[in-house]
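Just below is one structure, and these are the notes that go with it.
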Amino acid sequence: MDSIRAALRKMLGPNAGVGVTDPTVPSDLWPEETSAMSRAIPKRRTEFAAGRKAARIAMAELDLPPVAILQGADRAPIWPKGISGSISHCAQCCIAVVAQTPHYPTLGVDVEAADPLDNDLIPVVCTPAEQVWLRDAPHPGLAAKKIFSAKEAVYKAQYPLTGKVIGFDAVSLIIDEDRFSVAANPTLPTLKGTILIQEGLILSVAHG
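Numbering-wise, the working numbering puts 48 at position 46 of the sequence shown, and it's gapless, one number per residue.
Quick look at the structure:
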C-alpha cells in the first residue's frame, strides 16, 4: 500500500493529504457515524469504516484535526467547511484524498482493478471521440477501463459544485498519456486530473 500512497502523493503534490487502508480489516467508526451503517451488511460497514479511517489519516497529513465524517442523504461524505475530499475503495484497498479548498476547490478519486472494460460497456462509457482515441491505444480494453475510472473521479469532483447526477455521456475526456482534462461543457466545472496504474490498480484523481 506504500506504493499506492506514494503514487497518489505524486498525482496531487504536497497540498493534499492521502490515506490508504485495508477494507477487509475492521476499523472503528466514530459514534456520530454509526447511524449511517445501522442497517448495513458487515462488508459494507467494514468498507465504510475503512474509508473514514483513510480520510482521517489524510487529514492528519495536513495537520487537520480528526472529525467524524458523516454521510448526506445522497450518501456523499460531508467534509468540514473549507475542506474538499473524496473516498473510493475496491477489494484491495480504500483510499481517501483531502485538501484545503484554496489549493483544491474540489477533489474526486477512484480506484479500480486494472483489467479490461467489457466490450459491451465501451459504447456506454466512452463517447464517440473517445472511441476513436481507443483505436490507437495499445490495449483498448484497459484504456477504456482507465476512461471509466477517470470519469468516476470526475463525477465525484463535479458533484459538490453542481449537485448534478450525470451519466458517462455527459463527460468527454481529452487524454494526454497519464493526464486528462474535461472537454469544455457549459454544464460542468473545469476539471482535470491524472490516471496511473500501480500494483494492479487504476488510480484516478480529478480536481478543480
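Glycine included, C-beta positions come from ideal geometry on N, C-alpha and C.
| task | Sort 195, 173, 40, 170 by Cα distance to residue 182 and report the nearest one. | result | Nearest of 195, 173, 40, 170 to residue 182, Cα basis: 195.
| task | Taking the CB atoms as reference points, tell me whether residue 78 and residue 157 lie closer together than 8 Å. | result | Not closer than 8 Å, so no.
| message | As a quick exercise: from 25, 169, 123, 40, pick the residue whose alpha carbon is nearest that of residue 147. | response | If we check each option's Cα against that of residue 147, 123 comes out closest.
| I think residue 205 touches residue 10, with their Cβ atoms under 8 Å apart; what is that distance to the nearest whole Å? | Contact between residue 205 and residue 10 holds, with the beta-carbon distance rounding to 6 Å and staying under 8 Å.
| query | Roughly how many angstroms lie between the CA atoms of residue 49 and residue 113, to the nearest whole one? | reply | Cα-Cα distance, rounded: 14 Å.
| Neighbour-count burial assignment, residue 108, 16 or more Cβ in a 10 Å radius | A residue is called buried once 16 or more other Cβ atoms fall within 10 Å of its Cβ, and residue 108 is buried on that count.
| said: Measuring alpha carbon to alpha carbon, tell me which residue in 66, 111, 56 is nearest residue 197. | reply: In terms of CA proximity to residue 197, 111 leads the group 66, 111, 56.
| field | Contacting residues, own chain, Cβ-Cβ under 8 Å from residue 72 (five flanking each side not counted) | value | Excluding its 5 nearest sequence neighbours in each direction, residue 72 has C-beta neighbours in its own chain below 8 Å: 34, 35, 38, 79, 80, listed in chain order.
| field | Same chain, Cβ closer than 6 Å to residue 76, five either side skipped, listed in chain order | value | Correct list: empty, nothing qualifies.
| Nearest CA to the CA of residue 180: which residue from 85, 59, 149, 128? | Here the closest residue by C-alpha is 149.
| Do the stretch 49-60 and the stretch 132-142 touch if we need at least three Cβ pairs shorter than 8 Å? | No, the stretch 49-60 is not in contact with the stretch 132-142.
| Simplified DSSP state of residue 21, which is helix, strand or coil | DSSP places residue 21 in strand when its eight states are reduced to three.
| query | Rounded to the nearest angstrom, how far is the Cβ of residue 153 from that of residue 127, given a contact under 8 Å? | reply | Right, their Cβ atoms sit about 7 Å apart.
| query | Going by the beta-carbon positions, is the gap between residue 95 and residue 44 smaller than 8 Å? | reply | Residue 44 is positioned such that its CB atom lies no closer than 8 Å to that of residue 95.
| When DSSP labels each residue in this structure, what does residue 10 get in the three-state scheme? | Note: residue 10 maps to helix in three-state DSSP.
| task | For residue 112, name the three-state secondary structure that DSSP assigns. | result | Reduced to three states, the DSSP call for residue 112 is strand.
| task | Could you check what DSSP says for residue 194 in three-state terms: helix, strand or coil? | result | In this structure, residue 194 counts as strand in the three-state DSSP scheme.
| Which value, in whole angstroms, describes the spacing of the CA atoms of residue 101 and residue 199? | Cα to Cα, the separation comes out at about 22 Å.
| message | Runs of 4 residues minimum, wholly inside the stretch 99-167: which ones carry the alpha helix (DSSP H) assignment? | response | Whole alpha helix (DSSP H) segments, 4+ residues: 124-127, 130-137, 142-164.
| said: Quick check: the Cα distance between residue 97 and residue 191, rounded to an integer number of angstroms? | reply: Going by the C-alpha atoms only, they are around 24 Å apart.
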